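Asker:
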Amino acid sequence: MDKLAQRVNNEYMRIGQKHGFGVQYMGLENIGPFTGGTFGRLNHVFTSNKSPDIYSDTNFITFTAHGLAAAVLSEPLKCYCAVLVEKPVPASIYVKRIRDGFRKKPIWVPYNKTTKASDVYKNRMNWNSLVDALNNDSHLGKLMGKLRTETNVNGIDQNLNVGRRASFPVKVNDEENNHGTSCMIIPMGNRTLIASQHTTQDPKDIEPALQAVRRIAQIVDQYNYQTPTTGPMISDYAEDILKKMQKTAPPPAPAPVPAPTQKGVTCPKCGFNNPEDNKFCGECGAPLSESPKEAPVATSTPLPPPPPPKPIDPVEQLISEIEGGTDAQWTIRYKTTEQEYEGKLWNIANKGYFVRHDDLMKVAERINNYPHYQLFPNIKYVKSPNDKTLTGGFMNFATGFNESAQEPFKDQFVQVLLLPRDDNPAETSVRMLASNNKEMNPDLFAVMLDVLMNHPARVNEFYLWGIQD
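Under the working numbering, think of the first position of the sequence shown as 1482, with each following residue one higher.
Dropping the structure here:
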């Protein structure tokens, strides 16, 4: 094991120097023995003045069973690399090998717990410009393609039985709970964790991983996203290496100790410090009766305390996490007296569209005047494009216009999902979240409200759905 550690350290030192890193060896962990061998783990930190520190965790096996397995220094397991960037990102993002055209290639997609990555990619679910920036970076694409994703351990099987003909496949693939990704980007408030994993057959296999996580850190930093967000820790290995990073982080440097203040009388001529009872300077003989000219003391103005963080509006927090554009979809679960069913609406929340609450109340008042206007307070729940199930406060305008209505509502059925806020005082704006018309905007909605309030003959049916308290 000591020989293996030396070999890996030498190779990591060479790779680090090649790419401008310093390499700190943080120690060898003996994970535990099995019949015929031992699992081990090496920890390193790759430091640089140009980028944040990159932590690595390299796993390996040594064989000790005489006559059963060849005497080898290393056999392939996995290596994990991680870096923390002091910038937020919009959502959890990860890499999968998805068929695009005639071949599979690494593609960055937003993380979705319940949907296959291929479907997320195909439907551009929760998409944002950071995903595009990652996918469009050709250099990063080449580095991700070089990550070793599978190999075999010869001499040991999956049950840890050692033998000349045994082998154990080690893979980073889509079979591991649909989260077996080679890299992930996880928002942690104002910071972002970037973590990669690859199988390691040779110490030099870490080289593209180091380059990749550093490149991703640069893209995240340049993306300059401002809203603090959090996301799920997709795989155990990212959480494990994060804990190790926090545990092994160097302590803050101690504050400098100020030099003791020197008492006495300073000579106005030569600056020599004399005892307080001296009448003449012990250095140059000048009289000390003159008032010494004290040199101005340089003082550092303390910085004002940072302003308290603004409370994060849960609605705005939710909107910031969606980042799917108009291709993202909201789900509304309805309940009638006979059955339950779901409807899908396109996301318009990121457009920042608002309407006045008192205008909506004027429409609601018309429900008592016209028999084809109805109120149904039985939305069961609303699910946002990032799979957050929400209840309470939502309204859905569902309007069927007839042929007498003006364009673009003529013969159309239009739905708009709304979220009233702040106990709904008349002056408070109501946010528009989604619509079955991607082109919905405040001007179109104003026309829709005008028809509902002033031209009921142009409406075949109007349903105001809400969530019953």
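The C-beta atom is built at its ideal place from N, Cα and C for all residues, glycine as well.
Quantities reported herein were computed from a predicted structural model and do not represent experimental measurements.
(1) Alpha carbons only, please: which of Met1625, Ala1563, Ile1535 and Tyr1854 is nearest the one belonging to Phe1943?
(2) Three Cβ pairs or more, each shorter than 8 Å: is that satisfied between the stretch 1677 to 1684 and the stretch 1619 to 1634?
(3) Out of Ser1573, Leu1621 and Ala1845, point me to the one whose CA is closest to Ser1716's CA.
(4) Pick helix, strand or coil for Pro1937, following the three-state DSSP scheme.
(5) Any idea what DSSP makes of Pro1571, helix, strand or coil?
(6) Just the Cα atoms here: how many angstroms apart are Ile1542 and Ser1663?
(7) Is DSSP giving Val1653 helix, strand or coil here?
(8) Determine the closest residue to Asn1922 out of Gly1833, Thr1710 and Asp1618, with distance taken between C-alpha atoms.
(9) Alpha carbon to alpha carbon, how far is Pro1518 from Asn1635?
(10) From what residue to what residue does the alpha helix (DSSP H) around Gln1703 run?
(11) Compare the Cα-Cα distances from Gly1670 to each of Asp1600, Arg1847, Arg1646 and Pro1713 and report the closest residue.
(12) Out of curiosity, what's the CA-to-CA distance linking Val1653 and Lys1585?
(13) Tell me, which residues are paired with Glu1888 by DSSP?
(14) For Leu1925, which residues of its own chain have a beta-carbon under 8 Å away from its beta-carbon, when the five flanking residues on both sides are left out?
(15) Distance check for Gln1699 and Ile1667, CA to CA, integer angstroms please.
(16) On a Cα-Cα basis, can you pick out the residue from Pro1756, Met1482 and Ala1598 that is closest to Arg1580?
(17) Which residues in the same chain as Cys1751 place their Cβ atom closer than 8 Å to its Cβ, once the five residues preceding and following it in sequence are excluded?
(18) Just list the residues that DSSP pairs Cys1560 with in beta bridges.
(19) Please confirm whether Tyr1815 has its beta-carbon closer than 8 Å to some beta-carbon of chain D.
(20) Under a Cβ-count criterion, where at least 16 other Cβ atoms within 10 Å of its own Cβ denotes burial, should Glu1688 be classed as buried or exposed?
(21) Measuring only the C-alpha atoms, how far is Gly1484 from Ile1675?
(22) Between Arg1605 and Asn1850, what straight-line distance do the alpha-carbon atoms span, to the nearest angstrom?
(23) Tell me the DSSP secondary structure of Glu1920 in three-state form.
(24) Excluding the five sequence neighbours on either side, which residues of its own chain have a C-beta within less than 8 Å of the C-beta of Val1612, listed in chain order?
(25) Can you tell me which of Thr1673, Lys1685 and Phe1649 puts its alpha carbon nearest to the alpha carbon of Tyr1704?
(26) Would you identify the three-state DSSP class for Pro1713, choosing helix, strand or coil?
(27) Can you look up Leu1509 in the DSSP assignment and give me helix, strand or coil?
(28) Starting from Tyr1493, follow the alpha helix (DSSP H) in both directions and report where the run begins and ends.
(29) Consult DSSP for Gln1727 and reduce its assignment to one of helix, strand or coil.
(30) Here's the rule I'm using: 16 or more other beta-carbon atoms within 10 Å means buried, otherwise exposed. How should Phe1894 be labelled?
(31) Under the three-state reduction of DSSP, which class applies to Lys1597: helix, strand or coil?
(32) I'd like to check one pair, Ala1809 with Leu1945: are the Cβ atoms closer than 8 Å?
(33) With a threshold of 16 other CB atoms inside 10 Å of the CB of Asn1828, please say whether the residue is buried or exposed.
(34) Which runs of the beta strand (DSSP E), 3 residues or longer, sit entirely within the stretch 1825 to 1883?
(35) Quick check: the Cα distance between Lys1728 and Gly1622, rounded to an integer number of angstroms?
(36) Would you tell me roughly how many angstroms separate the C-alpha atoms of Asp1702 and His1500, rounded to the nearest one?
Answerer: In brief:
(1) Tyr1854
(2) yes
(3) Ser1573
(4) helix
(5) coil
(6) 21 Å
(7) coil
(8) Gly1833
(9) According to the sequence displayed, residue 1518 carries Gly and not Pro. So the alpha carbons of these two residues sit roughly 13 Å apart.
(10) Ile1687 to Tyr1704
(11) Pro1713
(12) 14 Å
(13) Answer is none; Glu1888 lacks a bridge partner.
(14) Pro1889 and Asn1918
(15) 15 Å
(16) Ala1598
(17) Cys1762, Glu1764, Cys1765 and Ala1767
(18) Thr1539 and His1679
(19) Note that chain D does not occur in the displayed structure, where there is just one protein chain.
(20) buried
(21) For the sequence presented, residue 1484 should be read as Lys rather than Gly. In a straight line, the C-alpha of Lys1484 is about 31 Å away from that of Ile1675.
(22) 43 Å
(23) coil
(24) Ile1574, Trp1589, Val1590 and Pro1591
(25) Thr1673
(26) coil
(27) strand
(28) Asp1483 to Lys1499
(29) helix
(30) exposed
(31) coil
(32) no
(33) buried
(34) 1835 to 1837, 1854 to 1857, 1860 to 1864 and 1876 to 1882
(35) 32 Å
(36) 19 Å
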